[in-house]
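Have a look at the structure below, then the notes.
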Amino acid sequence: MSGSRITIADDDRLDNVHPGDILREDFLIGGDIPLEEVANGTGIELATLREIVASRRDIDPSVDARLTRYLRVSEGFFLRLQVSYDVEEIQRNEADALARIVPRAA
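Now the structure itself:
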């Protein structure tokens, strides 16, 4: 491998999208589809759903299993979104520390 990297300036980065944003904006949870309906249909606590769609709580495996079944999307869909979000947050918030790490030679 060449080891080349492309660095994107912070000002040029797109917003990091939390899975709650996807639920709210793409699946219309909390809008056209009331949170209470989703809570009743999935068994997820209403307070938990409120925190997720407000991007204040992470998706865990139990929530993912319930939402993916309810919304008829592939298992792990929301967990993958959560992991992508988390990785991007680490890259943004710990960029300097990560840049100081020297990769181990094989």
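In case it helps, numbering that gives the first Met the number 0 puts the sequence shown at residues 0 to 105.
Backbone N, C-alpha and C define an ideal beta-carbon position, used for all residues, glycine too.
Is the Cβ-Cβ distance between residue i and residue j less than 9 Å?
i: V37; j: L66; result: yes
i: P102; j: I51; result: no
i: D14; j: D57; result: no
i: R12; j: T41; result: no
Can you tell me whether residue i is buried or exposed? The criterion is at least 16 other CB atoms within 10 Å of its CB, across all chains shown.
i: G30; result: exposed
i: I23; result: Per the sequence shown, residue 23 should be read as Arg rather than Ile. Looking at its Cβ environment, which holds 16 or more other Cβ atoms inside 10 Å, R23 is buried.
i: L48; result: buried
Less than 8 Å between C-beta atoms, sequence neighbours within five positions excluded: which residues of the same chain meet that for residue i?
i: I89; result: L97
i: F26; result: I32, L70
i: L45; result: L34, E35, A38
Quick check: what's the CA-CA separation for residue i versus residue j?
i: E74; j: R55; result: 22 Å
- Message: I'd like to know if the stretch 92-103 and the stretch 55-69 are in contact, where contact means that at least 3 CB-CB pairs between them fall below 8 Å.
- Response: Short answer: they don't touch.
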